[in-house]
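K.L.:
Residue numbers (UniProt numbering): 1 to 357. All C-beta atoms in this analysis are idealised placements derived from N, C-alpha and C, irrespective of residue type, glycine included. Computed from a prediction, not measured in an experiment: that's the story for all the values here.
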Amino acid sequence: MPKSICFFNHKGGVSKTTTAFNIGWGLASAGKRVMLVDLDSQCNLTGMVLGYTTVSENLDAFYSSRYNLTMESIVDALMNGTSIEDVVNGSSAKLFECQNDNLYLLPGHLSVSMLDSQISVALKIASGVPLTRNLPGNLPKSINLIAQKNNIDYIIYDLSPSVGGLNELALMSSDFFIVPATPDFFCWQAINSLAETISIWHSELEFFKQTARSSTAVNITNKPRFIGAIHQRYRPRNGMPVKSFEHWVNEIHGAVNNVLAPALHKIGCSVTEQEIQDSLNATDTPHLRAYDLAQISDFNSLIAISQKLSKPVFAITDDDLREDGKAGNVFETMRDNRNTFFQQFERLCQRVLMLTA
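Next up, the structure:
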């Protein structure tokens with residue numbers, strides 16, 4: 001069975017999409033077959049993989065000119081009661097390929113927003129008609145069937161920054177989840193409220209599974225395991241956050257360890273602090289403490305090249321930098337930064353593999 005990882009924080013602007021793409025690429029480079037699933041109606045992950053020009057011009061026209069599976073197909077099937085098996089096994093059930101040979105995309109669509117509202121209704125009205133009450137369980141079922149058909153090892157979900165029904169279902173049906181964070185007050189607020197949100201979701205889905213008389217509710221595992229927070233987008237000095245950012249990194253670390261993790265432990269939705277610390281020790285990362293999974297500084301100018309080329313910053317080659325006009329000291333600085341990010345993400349992906357083994 002494929003393993004699934006959600007990247008979730010209901011605060012926006014914390015690099016959820018970029019991190020999902022980067023770790024998906026890193027796992028693929030480590031020999032795993034990875035499927036990226038874009039569950040955000042804004043389709044940012046889709047744009048990152050296929051190219052932002054594709055998404056901005058006419059996404060529907062792009063999809064219709066190719067025989068590939070998209071979230072639009074999945075949404076239509078779920079909303080209309082079409083057999084999920086027919087969609088998965090149909091002639092248009094091919095995943096989009098990425099530049100990394102082991103990486104595939106199930107692209108997003110605006111219609112995902114309709115699914116969000118319908119799932120919210122279904123979870124509240126457990127005694128509804130069969131189509132409604134089977135909808136929540138059919139979503140993870142369909143994604144897993146697609147993954148199994150394509151021999152996928154890891155499913156990576158990119159979620160929107162909201163607490164709607166779709167995010168609730170995707171997160172609580174996953175095997176693992178990671179919380180991306182940025183060093184600021186608003187993210188600290190979000191981490192503190194996330195503990196209550198996930199606890200409520202867990203109770204709500206337990207009630208749904210017990211009362212809905214749904215033949216598909218078994219697909220909602222309701223036991224995702226938190227494997228850590230990733231601190232990002234800070235300015236570094238000597239490889240560490242500068243003082244102004246360090247304050248909020250420490251505050252968020254405290255909120256994760258003292259509020260979020262204990263709440264998740266109570267409902268069986270977290271690995272232990274020792275498991276994360278063991279993964280940090282095994283990857284030679286002495287400056288980190290559980291539940292911090294990684295600290296990644298701001299990508300600065302590398303992110304623009306990354307987005308233009310649809311590849312992670314750590315996969316940018318020297319030739320890519322030269323073709324972008326970089327030379328002299330600028331080239332050397334960007335190359336050195338690229339190499340640093342490569343080492344950081346290589347170790348981060350090793351930790352993810354250990355914690356999800």
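Can you give the Cα-Cα distance for Gly108 and Asp38, rounded to whole angstroms?
P.N.:
5 Å
K.L.:
Under the three-state reduction of DSSP, which class applies to Arg225: helix, strand or coil?
P.N.:
strand
K.L.:
Are the beta-carbon atoms belonging to Phe226 and Gly26 less than 7 Å from one another?
P.N.:
Cβ distance not < 7 Å, so Phe226 and Gly26 don't count as in contact.
K.L.:
Here's the rule I'm using: 16 or more other beta-carbon atoms within 10 Å means buried, otherwise exposed. How should Ile125 be labelled?
P.N.:
exposed
K.L.:
Provide the residue span of the alpha helix (DSSP H) that contains Lys3, from first to last.
P.N.:
No alpha helix (DSSP H) holds Lys3; the beta strand (DSSP E) holding it covers 3-7.
K.L.:
On the CB-based measure, 16 or more other CB atoms within 10 Å of its CB, does His287 come out buried or exposed?
P.N.:
exposed
K.L.:
If we call anything under 7 Å between Cβ atoms a contact, is Pro2 one with Asp153?
P.N.:
Cβ atoms of Pro2 and Asp153: closer than 7 Å.
K.L.:
Ordered along the chain, which non-local residues of its own chain (more than five positions away) have a Cβ less than 8 Å from that of Asn22?
P.N.:
Pro312, Val313, Phe314, Phe345
K.L.:
Looking at the structure shown, is Asn89 part of a helix, part of a strand, or coil, going by DSSP?
P.N.:
Asn89: coil per DSSP, three-state reduction.
K.L.:
Answer with buried or exposed for Asp116, where buried requires no fewer than 16 other C-beta atoms within 10 angstroms of its C-beta.
P.N.:
buried
K.L.:
For Val259, collect the residues of the same chain with a Cβ closer than 8 Å to its Cβ; drop the 5 residues on either side in sequence, then sort them by chain order.
P.N.:
Ile191, Asn192, Ala195
K.L.:
How many angstroms separate the CA atom of Met354 from the CA atom of Gln42?
P.N.:
32 Å
K.L.:
Label Lys223 either buried or exposed according to how many other C-beta atoms from any shown protein chain fall within 10 Å of its C-beta, with 16 as the threshold for buried.
P.N.:
exposed
K.L.:
Please identify the residue among Ala357, Ile5, Asp320, Arg338 whose C-alpha is closest to the C-alpha of Leu171.
P.N.:
Ile5
K.L.:
Which residue from Asp40, Asp184, Ser111 puts its Cα closest to that of Ile74?
P.N.:
Ser111
K.L.:
Using the Cα positions of Met79 and Ser113, report the straight-line distance between them to the nearest angstrom.
P.N.:
12 Å
K.L.:
For Val75, which of helix, strand or coil comes out of DSSP?
P.N.:
helix
K.L.:
Please go through the same chain and pick out, in chain order, the residues whose beta-carbon is closer than 6 Å to the beta-carbon of Ala294, but skip the five residues on each side of it.
P.N.:
The residues are Ile230, Leu348.
K.L.:
Assuming the contact rule is C-beta atoms closer than 8 Å, Leu166 and Ile220 should be a hit. Round their C-beta distance to whole Å, please.
P.N.:
The pair is not a contact, with the Cβ atoms about 13 Å apart (cut-off 8 Å).
K.L.:
Any idea if Ile200 is buried or exposed, counting beta-carbon neighbours within 10 angstroms, 16 or more meaning buried?
P.N.:
By the 10 Å Cβ count, Ile200 comes out exposed.
K.L.:
Specify, as a first and last residue, the run of the beta strand (DSSP E) that Ile178 falls within.
P.N.:
Here the beta strand (DSSP E) through Ile178 covers 176-181.
K.L.:
Who are Phe96's beta bridge partners in DSSP?
P.N.:
Phe96 is bridged by DSSP to Leu105.
K.L.:
DSSP three-state call for Gln232: helix, strand or coil?
P.N.:
Gln232: strand per DSSP, three-state reduction.
K.L.:
Should Glu251 be counted as a contact of the ligand COA given a C-beta to heavy atom distance under 6 Å?
P.N.:
With respect to small molecules bound, the structure shown includes none, and the ligand COA cannot be examined in it.
K.L.:
Grouping DSSP H, G and I as helix and E and B as strand, with all else coil, what is Ser270?
P.N.:
strand
K.L.:
Name the residue from Lys141, Gly254, Met48 whose alpha carbon lies nearest to the alpha carbon of Ser83.
P.N.:
Lys141
K.L.:
Which term fits Tyr104, buried or exposed, when burial requires 16 or more other beta carbons within 10 angstroms of its beta carbon?
P.N.:
buried
K.L.:
Mapping DSSP to helix, strand and coil, what is Ile296?
P.N.:
strand
K.L.:
Would you mind reading off the limits of the alpha helix (DSSP H) that contains Leu194?
P.N.:
185-211
K.L.:
Closer than 7 Å by C-beta to Gln99: which residues in its own chain qualify, once you throw out the five before and the five after it? Chain order, please.
P.N.:
Ser310, Lys311
K.L.:
Do Asn138 and Thr216 have their CB atoms nearer than 7 Å?
P.N.:
yes
K.L.:
Note down the Cα distance separating Gly12 from Pro161, rounded to an integer number of angstroms.
P.N.:
5 Å
K.L.:
For Glu251 and Pro183, what's the separation of their Cα atoms in angstroms?
P.N.:
8 Å
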